[in-house]
Amino acid sequence: MAVLMKILQVVLALSILIAFHELGHFTFSKLFRIRVEKFYLFFDLGGKFLFSTKKSRWFTRLCPKALDWETEYGIGWLPLGGYCKIAGMIDESMDLESMKKEPRPWELRSHPNWQKLLVMAGGVLFNFILAIVVYIGIVDIWGQSFIPNKGSKIYVNALAEEMGFRNGDEILRFDDYAPEGFASLQADLARRNVHKATVLRGADTVDIYIDRNMIGDVLNSELMFDLAVPFEIDSVAAGSPNGAVLVHGDRITAFDSVRVAYLQDARPVLAGMAGSSVTATVERGGETVAVPVEVDSLGRIGVYMKAPEIIRKEYNFWQAVPAGIKLTGDILSGYLKDLRLLATPSSGAYKSVGSFIAIGQVFPAAWDWYRFMYMLALLSVMLGVMNLIPIPGLDGGHILFILVEMISGRKPSDKFMAVMQGIGMILLLALMMLAFGNDIGRLMH
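Going by our numbering, the residue at position 310 of the sequence shown is 1687; the numbering climbs one at a time, nothing skipped.
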């Protein structure tokens, strides 16, 4: 059931994003009276489709006027994207026969370059608009919550320890940048070309010099910096056998003399003591006391931990608008930095490229409107940026050729455009294979 829920969310999110992206091209085409021959969600490869307003017999019988519509609307069978077939343009369909005819007034090639540019950029523009609208909605409904980095200590994995970080460190700065949110530490370390991390270790300030050759590992490492949670008790669960010996504010530092500086240390220790009576070393009111506690068969002592500090910001609608725009800008900036790393083979960032499988793993196993909307906006930014890459076959490739024509005054030949379109499709297929290969490799490990 959990897998089906993830698949449902991925398909729904990608369908919304693709439809909205193609709507951008469609809207500007209609605005300039350019004919859109087909508007398809997913690809109708080989002429096969799930639905068509002109070819699905049940629909044409229900709505016979659809046969006279200028545009054929449909749903293809291959869920790897979607497209608008704009008259007078060499696109994924590689329809060269129509390009041999004289240009007609309703074709893209008959319009001025500034209009072509807006038609090509329309999909990306709509993706960014969608992201802004969704982020405004998120901020308006849920506000913003984050664990501040200031005052928070890290609990490190093996990679972070190898780089020089230690459990209990408080990260003060990456070079001259002071991180605000704890959750972004690992991303900041990878994206900001950090050379030196300054941490507070006990009462000392320590500089850790970063080996840039390890950034590829940072991108692919799971949870380098967990929040180090002191084993400090907020309350004792009702019915717990330890209700008479443990109280609010107690901080446990050891079980049977085995040191547990943080909650993460305590979990494996208690698991090994399951079903037994142990002596806990407790800091209470400035004193250290020994307290007998019972550990149940699941390695628990029946207490609730003190929650970490969380900063919450609430917004009304008019405050949410600039906050949502800023959030979109921050996400966009971070993703551009990720692409810069991807373009640097020595960083190893290409190993982190993922496909629909990786996207599906990010969605929760149960429906969560906040998570779904946040991922929808994030993916919309990613789709917009990816389409701006100047690769033939993507919007960025078409935009590049239009700009070259505007600057040089020379229009590339149809044969050249067809060849470049083919090259672009091969590059995109190679990128897709890399993404699927990375996902399969991660699943096997």
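Every residue gets a Cβ at the ideal spot worked out from N, C-alpha and C, and that includes glycine.
>> By the three-class DSSP mapping on this structure, what secondary structure does Ala1657 have?
In response: The answer is strand: DSSP assigns Ala1657 an E or B state.
> Using CA coordinates, which residue listed in Ala1651, Gln1696, Pro1489 is at the minimum distance from Met1783?
Replying inline: Measuring from the Cα of Met1783, the nearest candidate turns out to be Pro1489.
> Enumerated in chain order, which unbroken segments of the alpha helix (DSSP H) with a length of 4 residues or greater are wholly contained in the stretch 1477-1548?
Replying inline: The qualifying runs are 1490-1519, 1535-1540.
> Within this structure, are the beta carbons of Glu1557 and Lys1530 separated by less than 8 Å?
Replying inline: No, the pair does not count as a contact, with Cβ atoms beyond the cut-off.
> DSSP puts Arg1689 in a beta bridge; with which residues?
Replying inline: Arg1689 is bridged to Ser1522.
>> Strictly under 8 Å for the Cβ-Cβ distance: is Leu1780 near chain D by that measure?
In response: The displayed structure is made up of one protein chain only, and chain D is not part of it.
> Whole-angstrom Cβ separation of Leu1457 and Phe1420, contact assumed at under 8 Å?
Replying inline: Confirmed, about 6 Å.
>> How far does the beta strand (DSSP E) with Arg1578 in it extend, from its first residue to its last?
In response: Run containing Arg1578: 1573-1578, per the beta strand (DSSP E) assignment.
>> Do Phe1503 and Val1758 have their beta-carbon atoms positioned less than 8 Å apart in this structure?
In response: No, these two residues do not count as a Cβ contact at 8 Å.
> Are the CB atoms of Tyr1639 and Ala1605 nearer to each other than 8 Å?
Replying inline: Yes. Within cutoff.
> Which of helix, strand or coil does DSSP assign to Val1388?
Replying inline: It is helical.
>> Please identify the residue among Glu1479, Ala1464, Leu1381 whose C-alpha is closest to the C-alpha of Arg1410.
In response: Comparing Cα positions, the closest option is Ala1464.
>> Which residues does DSSP list as the beta-bridge partners of Met1682?
In response: According to DSSP, Met1682 bridges with Ile1610.
> Nearest-angstrom Cα distance between Ile1779 and Gly1423?
Replying inline: For the pair Ile1779 and Gly1423, the Cα-to-Cα distance works out to about 30 Å.
> Under three-state DSSP, which class holds Val1595?
Replying inline: Reduced to three states, the DSSP call for Val1595 is helix.
>> Here's the rule I'm using: 16 or more other beta-carbon atoms within 10 Å means buried, otherwise exposed. How should Gly1737 be labelled?
In response: Its pLDDT being 49, under 50, Gly1737 is placed unreliably in this model, and the coordinates cannot settle the point.
>> I want to know whether the stretch 1611-1626 touches the stretch 1643-1655 - three or more CB-CB distances under 8 Å.
In response: Touching, no.
> Thinking just about the alpha-carbon of each residue, which of Val1413, Tyr1512, Ala1379 is nearest to the one in Leu1699?
Replying inline: Per the sequence shown, residue 1699 should be read as Pro rather than Leu. Answer by Cα proximity: Tyr1512.
> Nearest-angstrom Cα distance between Val1672 and Ile1678?
Replying inline: The C-alpha of Ile1678 is placed about 5 Å away from the C-alpha of Val1672.
> Should Ala1379 be labelled buried (16 or more other beta-carbon atoms within 10 Å of its own) or exposed?
Replying inline: With fewer than 16 other Cβ atoms within 10 Å, it is exposed.
> Using DSSP with H/G/I as helix, E/B as strand and the rest coil, what is Leu1623?
Replying inline: Three-state result, Leu1623: coil.
>> Am I right that Gly1451 and Thr1430 are in contact with their C-beta atoms under 8 Å? What's the rounded C-beta distance?
In response: Sure, about 7 Å apart at Cβ, within 8 Å.
>> So, for Gly1818: in the same chain, excluding its five sequence neighbours on each side, which residues have a beta-carbon less than 7 Å away from its beta-carbon?
In response: With a pLDDT of 49 at Gly1818, under the threshold of 50, the predicted position of this residue should be treated as unreliable, though the coordinate-derived value follows. Counting only Cβ-Cβ distances below 7 Å, and skipping sequence neighbours, we find nothing.
> With DSSP run on the structure shown, which of helix, strand or coil describes Phe1778?
Replying inline: DSSP, read as helix, strand or coil, puts Phe1778 in helix.
> Per DSSP, Ser1429 is paired with what?
Replying inline: In DSSP, Ser1429 forms a bridge with Gly1451.
>> By alpha-carbon positions, which one of Phe1542, Ala1631, Ser1612 ends up nearest to Gly1579?
In response: Cα-wise, what sits closest to Gly1579 is Phe1542.
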